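What follows is one structure encoded as structure tokens, with my remarks underneath.
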Amino acid sequence: MYTVAGSKVIVTTQSMSIANKIGTVEAIVLGGLDEVFFGELFKQCAFGSSKPEEHPELVGIWRSIAWKLKGLPLATKTMGNLLGPNLNPHHWRSILKSEE
């Protein structure tokens, strides 16, 4: 790997043992988003300009999906973008079941 004097490489991992083996500084541990920011991120990704209140059944399904995502921003954005184009409860339920 080519590096320039003073350059830095950032490694992301869920494994503390890997972080400790390859890291040269103390690892920074990031948690998930808190419930408010988590909900806002999902609403923006999944509902776009639609209002969640117009789809009460989807909000219930979303809560089930959200529990599985554990506040992780990338997972939330990915899932929101996957669900967003199709605001159909049947589609959302099928995604939920595929995660089980």
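In the UniProt record's numbering, the protein residues as written are 1 to 100.
Beta carbons: idealized from backbone N, C-alpha and C, even for Gly.
Predicted model only: the values in this text are computed from it and were never measured.
(request) Please state if the CB of I22 and the CB of V11 are separated by a distance shorter than 8 Å. (result) Closer than 8 Å, so yes.
(message) Please report the distance separating the alpha-carbon of L58 from that of M16.
(response) The alpha-carbon separation between L58 and M16 amounts to approximately 36 Å.
(request) Look up K51 in the DSSP assignment and say whether it is helix, strand or coil. (result) Of the three classes helix, strand and coil, the one that applies to K51 here is coil, per DSSP.
(request) Evaluate W62 with the Cβ neighbour count: other Cβ atoms within 10 Å of its Cβ, from every protein chain shown; 16 or more gives buried, anything less gives exposed. (result) Flag for W62 reads buried.
(request) Alpha carbon to alpha carbon, how far is G31 from L83? Give it in angstroms, no decimals. (result) In a straight line, the C-alpha of L83 is about 24 Å away from that of G31.
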